[in-house]
Amino acid sequence: MDNFSIYEPVIRWIPANHAPQPPAYCSSTVSGGFPQDNVLRPGGSRPHLPVIEYEGYQYWCFRYRDQRDAICMVAYDSELMISGVISLEGIKDVNVIQSDSSNRTLVFSEPGQEDDYLQSWFILNVRSWIGRAPSPEDNQLLDMLPGCAFTLCNEHGQLVYEAGVLNLVVIPDEVTRPDAWLFEKGALIHQNSKLGLALKAGKLVCEPVNSSLQEQQWQLTSTGELFNVGGQGVVSYDDNRDIPLVVEPAYEVSEKHKAVWKLGIPRPEPEVDRPRAPGKMLVHKLEVMARLSDDYWSGTGDAILLALGYPHQVVTLFDAPQRGAWVNKELDFRELLGKQHVTITDLAEINIYQVGNSVYGSAWKLESFELIVNGYCRYGAFKSMNRWFAGVGARRELVASWPIYPWLWRSDDNRPFDYNGKTYPMGLLPYIGDLLRWRN
0 MDNFSIYEPV IRWIPANHAP QPPAYCSSTV SGGFPQDNVL RPGGSRPHLP
50 VIEYEGYQYW CFRYRDQRDA ICMVAYDSEL MISGVISLEG IKDVNVIQSD
100 SSNRTLVFSE PGQEDDYLQS WFILNVRSWI GRAPSPEDNQ LLDMLPGCAF
150 TLCNEHGQLV YEAGVLNLVV IPDEVTRPDA WLFEKGALIH QNSKLGLALK
200 AGKLVCEPVN SSLQEQQWQL TSTGELFNVG GQGVVSYDDN RDIPLVVEPA
250 YEVSEKHKAV WKLGIPRPEP EVDRPRAPGK MLVHKLEVMA RLSDDYWSGT
300 GDAILLALGY PHQVVTLFDA PQRGAWVNKE LDFRELLGKQ HVTITDLAEI
350 NIYQVGNSVY GSAWKLESFE LIVNGYCRYG AFKSMNRWFA GVGARRELVA
400 SWPIYPWLWR SDDNRPFDYN GKTYPMGLLP YIGDLLRWRN
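In numbering that gives the first Met the number 0, the protein residues as written are 0 to 439.
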């Protein structure tokens, strides 16, 4: 794997029996063939495989075990370790790959098909693929205040630890469950038992806390993956098991078993749709500001949608935006949240959906995202995010889900919040009403 080009992809023809180990859900390599110059490579007259080499990675193509209408492209680093996986929809086999330098395009030829399958060179940007270990900074847990308890949930239920067993439990919204977690020095600690969440022999367990162990170090990425640093795997969901929590490499997780995790702040009492007590700021105006990066290929032909905790009510942020596109618009927050009286604490999460217009999809890069309440109170936790999102094909998919933490709201000039002639820091705004009721 020497002499990789850092400027444009290079196509190598390699004997099929030299193919590295594919992900478990792949069955075999593509058919391959022979280079157009018909010069035999090592291995004699046996078919060879077209392999892409680009910026330190080798890209091999495999068939899926479920025989779907797609091939799986896998990126391997110099140690032949899997660095990322992407699905190329609409093509089942490959015998030739060529690089079109003038159009910066990869040309895939499928046996028996007249039309070629085209992909931009940008598809080789492994940063936007699944399966890569997240950067240490990509961790929602770092935003939690010390000693602040929270719940861990995904679309299948809430993570609980009872009778020595970890499990997912479906808990109605109106029920308050004491199972909560704390985040300290990279470790997830069960609040009641004081044990730390860990990965042992491929299984999730709770054991005495030792933050120096990599198996007890966790990240919750901006896309909702619960990642174990020591095991280099994500927590997924498999309903065919007695305990459906599974830790495996991200590239091994199918769409069926993918779990999107969210943090929740337990509420002492159920929320009711009524005007809130004094001390909780009512929302009179809600704006969103978002911008795509100016980097090449940062735009997309897809539509980007926004929801605020109510997934069936969305608003369009971008529709086929070019690189550098930006938006600053006022939102109908009552319709988005499905209630007439909205306080700043009702803004609990940000959900970004991508609606693909083509099976080929296209990645895009979000530079910044910001919410503004009443013209001066800003949520700028994602003001400088600079994150790539992969294409989703011809479907609608949730690509990011971020909780909104009340203490991260800031006023334009750090003005304090005024209540009955007294001033309070903006970060304490959501709790003032509860504090005053408790004192009285």
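By construction, the Cβ of each residue, glycine as well, lies at the ideal position given by its N, Cα and C atoms.
Per DSSP, what kind of secondary structure is Phe332 in: helix, strand or coil?
Taking the first residue of the sequence shown as position 1, residue 332 is located at position 333. Phe332 falls in the helix class under three-state DSSP.
Decide yes or no for the touch test of the region 49 to 60 against the region 23 to 34: beta carbon pairs closer than 8 Å, at least 3 of them.
A contact exists between the region 49 to 60 and the region 23 to 34.
Coarse secondary structure for Arg438, derived from DSSP in three states
Taking the first residue of the sequence shown as 1, we reach residue 438 at position 439. Residue placement at Arg438 cannot be trusted, given a pLDDT of 44 that sits under 50; what the coordinates show is reported in the next sentence. DSSP, read as helix, strand or coil, puts Arg438 in helix.
Option in Ala69, Val84, Arg64 and Asn102 with minimal Cα separation from Tyr75:
Residue 75 sits at position 76 when you count from the first residue of the sequence shown. Minimum Cα-Cα distance from Tyr75 among the listed residues Ala69, Val84, Arg64 and Asn102 corresponds to Val84.
When the Cα atoms are used, what is the spatial distance from Leu187 to Gly195?
Locating residue 187 in the sequence shown gives position 188, where the first residue counts as 1. Locating residue 195 in the sequence shown gives position 196, where the first residue counts as 1. Leu187 and Gly195: Cα-Cα distance of roughly 6 Å.
On the DSSP bridge list, what partners appear for Ile70?
Taking the first residue of the sequence shown as 1, we reach residue 70 at position 71. Ile70 pairs with Arg62 and Leu87.
Taking the C-alpha atoms as reference points, what is the distance between Glu224 and Val234?
Numbered from 1 along the sequence shown, position 225 holds the residue referred to as residue 224. Numbered from 1 along the sequence shown, position 235 holds the residue referred to as residue 234. Each residue's alpha carbon lies about 7 Å from the other.
Apply the 10 Å Cβ neighbour rule to Thr315 and answer buried if 16 or more other Cβ atoms are within range, or exposed otherwise.
Within the sequence shown, the letter at position 316 stands for residue 315. Exposed, by the Cβ-count rule.
Supposed close pair Gly298, Gln321 - CB separation, criterion 8 Å
Here residue 298 is taken as the residue at index 299 of the sequence shown, counted from 1. Here residue 321 is taken as the residue at index 322 of the sequence shown, counted from 1. The pair is a contact, with the Cβ atoms about 4 Å apart (cut-off 8 Å).
Look up Ile351 in the DSSP assignment and give the residues it is bridged to.
As a first step, residue 351 must be located in the sequence shown, where it is residue number 352. For Ile351, which the question treats as bridged, DSSP gives the partners Leu305 and Ala399.
Measuring alpha carbon to alpha carbon, tell me which residue in Val354, Trp408 and Ile403 is nearest Asp391.
The count along the sequence shown starts at 1 and reaches residue 391 at position 392. Residue identity differs from the one stated: residue 391 is Val in this sequence, not Asp. Among Val354, Trp408 and Ile403, the Cα nearest to that of Val391 belongs to Val354.
Exposed or buried, what is Pro8 when buried is set at 16 or more other beta-carbons lying within 10 Å of its beta-carbon?
Here residue 8 corresponds to residue number 9 of the sequence shown, with the count starting at 1. Result: buried.
Measuring alpha carbon to alpha carbon, tell me which residue in Glu136, Tyr53 and Asn166 is nearest Phe121.
For the purposes of this step, residue 121 is taken as residue 122 along the sequence shown, with counting starting at 1. Sorting Glu136, Tyr53 and Asn166 by C-alpha distance to the C-alpha of Phe121 places Tyr53 at the top.
Do Asp301 and Asn356 count as a contact pair if the criterion is CB distance below 7 Å?
As a first step, residue 356 is located in the sequence shown; it is residue number 357 there, counting from the start. As a first step, residue 301 is located in the sequence shown; it is residue number 302 there, counting from the start. Between Asn356 and Asp301, the gap from beta carbon to beta carbon is short of 7 Å.
Does the beta-carbon of Asn16 have 16 or more other beta-carbons within 10 angstroms, so that it is buried, or is it exposed?
Translated into positions along the sequence shown, residue 16 becomes position 17. Exposed.
Indicate the three-state DSSP secondary structure (helix, strand or coil) for Ala249 in the structure shown.
Here the question's residue 249 lines up with position 250 in the sequence shown. Three-state result, Ala249: helix.
Assign Lys193 to buried or exposed, taking buried as 16 or more other Cβ atoms, counted over all protein chains shown, within 10 Å of its Cβ.
Numbered from its first residue, the sequence shown carries residue 193 at position 194. By the 10 Å Cβ count, Lys193 comes out exposed.
Which of the three DSSP states, helix, strand or coil, is assigned to Val271?
Walking along the sequence shown from the start, residue 271 turns up at place 272. Residue confidence is low: Val271 scores 48 on pLDDT, short of 50, so the model does not pin down where it sits. Its coordinate-derived value is still stated next. It is coil, neither helix nor strand.
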